[in-house]
Amino acid sequence: MALHGSPAVDALEGAASYVERFILKISEDSDLYYKLKYDPYQPDRVTISGLATGDYQPLHELEIPEFVHGHLKPIPQELKDQLNSTQSICTMGILPEIGRAYMTIDADLYVWNYEDNSDLAYFDGIPNTITKVAIAKPKVGVFQKHIHCLVVVATTREIVLLAASFTNNNITVKDVSSLPGDLKQADMYLLPDALFKIPIDDTAISDIIATSNGRIFFTEEEILYELDYQDKGWFSRRCRKINHSKSFISYFLPSVSLITGKEERLVRLCLDDTRHILYSLSENGSIQVYDLRADGNSIVKVASLSHGQIQELAAAECRSVDASFFADIVGISPVPYTQSRYLHLIATTRKGVRLFFSCFPLAPKNAYQVASKSSVMDWMEGMRPSCLRLKHVRLPPGYGVSPVSFHPLSIYDTFYAHDIGIMAGEAGIDISNLSVFCSSNFPASECLIENVTQLRLRSLVMTITKTTATASRHLADLSFYRDTGGKFIVLCEKGIQIIDHRAPVDMLRDILLQFGPDSSQVSYFTQLHGLVNVGDMILKLLCTEFGTSSTIKDAALRLFFMLSNEKIRSTHFSSPFRTHGMDQFSSISESFPAPLFSSTPRQPKRLLRPKRESFPDMQQILNDDDAPLSTEIQAYAPMSCRHDALFLHFSRIVENYWTKPLCQLLADNKLVSMYGIDELEWLLNQLTPFKQIVEDYGLIGHVQEYVQPLIIERDTSNSRTEVSSHSERRSLLSFRQLLSITAEVLMLWKILCEHQFHVIASLLSTQSRSCLTATSLCNIVLSGQQLCADLITGLVRHYLGDNATTTVLCTELRDCCPSLFSVDDANTTKATEMIEEVRRLPPCSARTEILVEAVKLLKTGIQKINLPMICQLLYEVDYVEGIVDLALERAERDDTKLLAVMAYKNHCGENDIFAQEAFARRKDAYKCIIDTLDRLVNDQKTSGTSDLLNPSKDLIIKKVLESKDELANVAIFKWLLDNDFSNIVLQSKSPFLESFLHRCVEEGGSSRYLDLLWRFHERNGDHMKAASLLYQLAQRETDAFDIQRRVSYLSQAAMCVQSAGQQLDRDADLHDLEAEIRDKIDVAQIQLAARDLVQSMPQTHETVVARNNLEKQLYTVQELFENFAIPLDLPEIKLALCFCSSTYNEDAIEDFYTEIIDRELYSSKGELREVRMNRLGTRIACLAKKYSALPKYYPLEMILSKLLNRGMNEGFPPSFFHFIGTKINAPLNIMVDTLSSMFRRDPFYQKNNTASRYLMRSALHVITQFVEESFSNRQQR
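Note that this note's numbering numbers the sequence shown so that position 645 is 727, with each residue one more than the last.
Written out as structure tokens, the structure reads:
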């Protein structure tokens, strides 16, 4: 996989970015809202159109009719005979959902195919007179699958639900998808028994409408009802009607009756199924809005406008027009989401005035502060209707200067479907005039321009509708209406009139067929649609005619290449479409033969609109690294019509898929595809021929064109043209790759759906599943190779063990997705099957040979395999050597230039993105080894055999440490240390261990690494390094170990120095190090003693801080004295520090001993005399052991005199002096001299009789004990 930032990936991302810009512009500029005199500075102002000359324009110069109609199709003769024979109540209507017309004669229902008057069905099981018939889709899960639709029949007394089934070749099917695409081709049967019957209150039902999810609404006088039916379990269904006009919520909203003072009968319903909004129209022209919520399963009334309010609003904006023209609304039609995001409803008055409404509130001002229209569109995303506001008034032809005539006296019925509107008006007695408004041929105009086609019928129009077919369901959410025509059905009293609308692409086909590419008709057609749109339509024609040898194909190719080289001038912030006027065509007329303009009179006023620019150029998206270009030159480099047409055609195909995820996660954690097989097939049926014509007809060019270096003479006048040409060639090459990969990804997705996508997805890792739900088609095409590889691996894994199926799958994947599934992928599949085969074999040499061969195959495509999954399979067959081999091979292949290794050695990878990516890829490879080790250890713990040897673990560690991969060694070292296997680290022979430990120490790692490092040096006999490291470790300021450990390190350092042997005598530095270490040991031992003393003291803030500080580092003698001994008053530590530093002060030494004696006596207060005497003796004896070698630090006479004084004061017996002297091994002569000196020189003992007697008894006890001991010794001899 190429690195992000490489030229190939950058170019592909540039092409994808260009597609996104096309899609955004298509969405913005195809929105009807922005064509109705949209003013970005006053976006909420009510606008007016229809008065300008150019608002309505004829298409006479094309000489091809936009609408075609045949003769009136009569009602079936059987029904005529039935009507003539009796006088009955008769109603008629069209059921476009099933391609049928119906007639009711009293209680009898007749249904027939209006195309050819065939398949006449008769139903007479209804007892009452029928007034209305409609078709509804069954609710999911209520009825059996052979019931394809419901026929809703309203009578004078009840509503009846009938079930209808369709057959294909006389076979009843259980799935609608297996029926013909157009239900008119299937036979219809009505089931004899009614499903439900609901009585009504002797009122007439005006209208019935059904939603796409099966909900049925109808009007009964002034009330809106819903016919609700449910499945309540076995043999139990319930049906009821729900009053939505009198619901609880309706009392909180103003109704028409509150405004007008009386209830108004509802006469018409219309439904916007793309937004789930229901509208109702009353007989006086009042409109109400009902929100079905985003899921379409609720209903709440959100707004209403009375006919008076509507008339007042429109008249206030159109003051020059009589207010009566806005009264008497005769029809309402929804504006679907595919036509406009902001507009919701069109209402038509009897005078032919169209009123456009929005159900959104006023937009916040900040939504319009950005120049792009996308800011407003983003604000509207997800918004629900909350009001009803007039947005635009469009007057019919005749109110202004218009080249189009408009003759109806009074409009009485209307119908709208996307950009086509039909008005039926009175033109005389029993004569109707149909006015068909269509803007399909003016897509590039800034404002709404319509052509008006007039059709006169000698009959009254009863209803107008449009055919619907299964084939168009995929297009319901796409902006493909321009490329698809339609049939409009006009039901009259005397029959049915079918009007065929010819889409612009169909008109272009006829123009090319009849007049050729050099004709004036082609010139005018191109003037209407613009170069890029015509190029897009030519591509559509070529895709349709692909594989056939036809005149149309040759003419289309010729026209495409004639237009291909025309440059589409644009600026950076241009709008993507341009209305190409005659001034533009004057620049290209030289490339066309003379007849192109010979018969086309120029009409400069015909299309005088503000010109819209073409799709903006890519500018610097595809810059060549070897040829730096001027920003100024590239910023204005225009692209050709060929370039923009190819991108536009691709963008129209993938428009509704490109930025959306391909799958979603359901509540039960099941990952399912967003699109079914039929929808994916439709996409592929668009992309595959497009890709084929691009290659076969050379629409892009030869590869040699794209590899030529760009050399620019910056001073030449042609430099900008050369830059533009070079950028376009590179852009088109990227487009070819983008088109190919997109087709392959969709083909792969289709294969996955054919094999149950949710099952395959369940085999993916949690990370891959999360990525899939958040990744759009665009991102999968650009950077989803790993996701595609995971999906392919899961697909193959699903069929492992079934060799025949996997072979077929591999062949299909290689043929359909060659860049996603290559020969290496096939080898991977074969290797996976070999691993699965090993599962069934017992341990033997053949088993090992198969695994070795499988690993060899996997190595050939190591960068494409799902390494964690393969390692999982190898672990399950207990072949851990293969895991190590594959992981090391993957790491090496992912970093062939050793960027990660060099960055690791040189400490320079932080700011290098390529080194970081190499690090990340190597880490992913090593993770497979680490995960295997973790699993081995966990399995051993689970089985309770942690104390036993683990040969698989040892094998992995040995194999990695014997490799030459330094980063793999480092990964294993870290794992071993993290799992307390430091002994294995020290025993390893890896050449990378010392550098690893040194690096860890240098990077400020824990002292554990320093500890390991000195052990490493000691094991290798380098005593000097070991001693230095131990000495360094002991002095390190850290909380990782205590003062006891520091003393231990110093002692070990001293031992390492001693182990140097003869080197100690030769190396002066080593000798100095030994002395320094020994001095440090003495001070450290004093610090240890200080720590112990502080720890035994009462817990205060000062003692706690002091203890922590004594543990954290080693201190000098002066630091210990100043920071601890003095502040905490530790006389023993003071004495030890003076002794250690050879500091002497007689008075200070005596004070230290005095304080030590006093503290010991004070601490033992309350205990028995014998205990206190023993503790004091022991304490002084300990000091004697340390300092008696140097009398000045152990003034024995002073100590004895202090002890005698304290013994008398504490009430100790006279024998105390002899006891303490014996305890501290005091010589007899010093004890006698001390007593004698105190008796002679101390006034206290001379003047105090009690003290004198205590001294004399003490002396007597000393002498007596001496005599007795001497006598006893003499007897023993």
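Cβ coordinates follow ideal geometry from the N, Cα and C atoms, glycine included.
Assuming the contact rule is C-beta atoms closer than 8 Å, residue i and residue j should be a hit. Round their C-beta distance to whole Å, please.
i, j, result
"I531", "V518", "The pair is not a contact, with the Cβ atoms about 15 Å apart (cut-off 8 Å)."
"L363", "R347", "That pair is no contact at about 10 Å."
"T430", "V412", "6 Å"
"Y757", "L748", "That pair is no contact at about 15 Å."
"H389", "F438", "Between F438 and H389 the Cβ distance is about 17 Å, and since that is not below 8 Å, they are no contact."
"V224", "L191", "That belief does not hold up - the Cβ atoms of V224 and L191 are roughly 23 Å apart, past 8 Å."
"S294", "K219", "6 Å"
"I33", "E302", "A query on residue 33 cannot be resolved here, the shown segment of the chain reaching from 83 to 1359 and no further."
"L470", "L387", "5 Å"
"L781", "R724", "7 Å"
"H326", "Y311", "Incorrect: roughly 16 Å between the Cβ atoms, too far for contact."
Going by the CB atoms, is the gap between residue j and residue i shorter than 8 Å?
i, j, result
"I932", "M951", "no"
"L118", "T135", "no"
"T608", "V616", "yes"
"Y424", "F442", "yes"
"R584", "E918", "no"
"T211", "D188", "yes"
"L613", "L645", "yes"
"T911", "T888", "yes"
Name the two residues that bound the continuous alpha helix (DSSP H) containing residue i.
i, result
"V572", "Run containing V572: none in the alpha helix (DSSP H); it sits in the beta strand (DSSP E), G568 to C574."
"V234", "Where V234 is concerned, there is no enclosing alpha helix (DSSP H), although the beta strand (DSSP E) it sits in stretches over C231 to T237."
"C400", "Here C400 belongs to no alpha helix (DSSP H), and DSSP marks it neither H nor E."
"E1201", "V1199 to L1202"
"W764", "I759 to D778"
"N44", "As shown, the chain starts at 83 and ends at 1359. That puts residue 44 outside it, with no answer to give."
"K946", "Per DSSP, K946 belongs to no alpha helix (DSSP H) and is neither H nor E."
"T875", "Q867 to H880"
"S1034", "P1033 to L1043"
For residue i, does the three-state DSSP call read helix, strand or coil?
i, result
"C625", "helix"
"L277", "coil"
"F607", "helix"
"C853", "helix"
"W194", "strand"
"S1223", "coil"
"K214", "strand"
"Y1360", "As displayed, the chain neither begins before 83 nor continues past 1359, which places residue 1360 out of reach and without an answer."
"I1386", "Residue 1386 lies beyond the stretch modelled for the chain, which goes from 83 to 1359, so this question has no answer here."
"P467", "coil"
"H474", "strand"
"S1077", "helix"
"C441", "coil"
"T1236", "helix"
Between which two residues does the beta strand (DSSP E) holding residue i run?
i, result
"V224", "Unbroken run through V224: none, as it is neither H nor E."
"T910", "Unbroken run through T910 is the alpha helix (DSSP H), V905 to V920; no beta strand (DSSP E)."
"L516", "I513 to C520"
"I998", "A small correction: the amino acid at residue 998 is Gln; Ile does not occupy that position in the sequence shown. Where Q998 is concerned, there is no enclosing beta strand (DSSP E), although the alpha helix (DSSP H) it sits in stretches over I995 to T1024."
Are the stretch 1265 to 1284 and the stretch 1227 to 1247 touching, with three or more C-beta to C-beta distances below 8 Å?
Pairwise C-beta distances place the stretch 1265 to 1284 in contact with the stretch 1227 to 1247, as three or more of them are shorter than 8 Å.
If we count Cβ pairs, one from each stretch, closer than 8 Å, do we get three or more for the stretch 542 to 549 versus the stretch 563 to 582?
yes
Can we say the stretch 373 to 393 touches the stretch 350 to 360, given the rule of at least three CB pairs closer than 8 Å?
yes
Counting Cβ pairs, one atom from each stretch, are 3 or more of them under 8 Å apart for the stretch 1022 to 1041 and the stretch 990 to 1006?
no
Determine contact between the stretch 826 to 834 and the stretch 103 to 114, defined as no fewer than three beta-carbon pairs at a distance below 8 Å.
By the Cβ test, the stretch 826 to 834 is not in contact with the stretch 103 to 114, since fewer than three Cβ pairs between them sit closer than 8 Å.
Decide yes or no for the touch test of the stretch 873 to 880 against the stretch 973 to 990: beta carbon pairs closer than 8 Å, at least 3 of them.
no
Evaluate contact between the stretch 1119 to 1130 and the stretch 1191 to 1208, counting only Cβ atoms and requiring at least three cross-stretch pairs below 8 Å.
yes
Three or more beta-carbon pairs under 8 Å between the stretch 769 to 777 and the stretch 845 to 858, yes or no?
no
Is the number of C-beta pairs between the stretch 592 to 607 and the stretch 137 to 154 that are closer than 8 Å three or more?
yes
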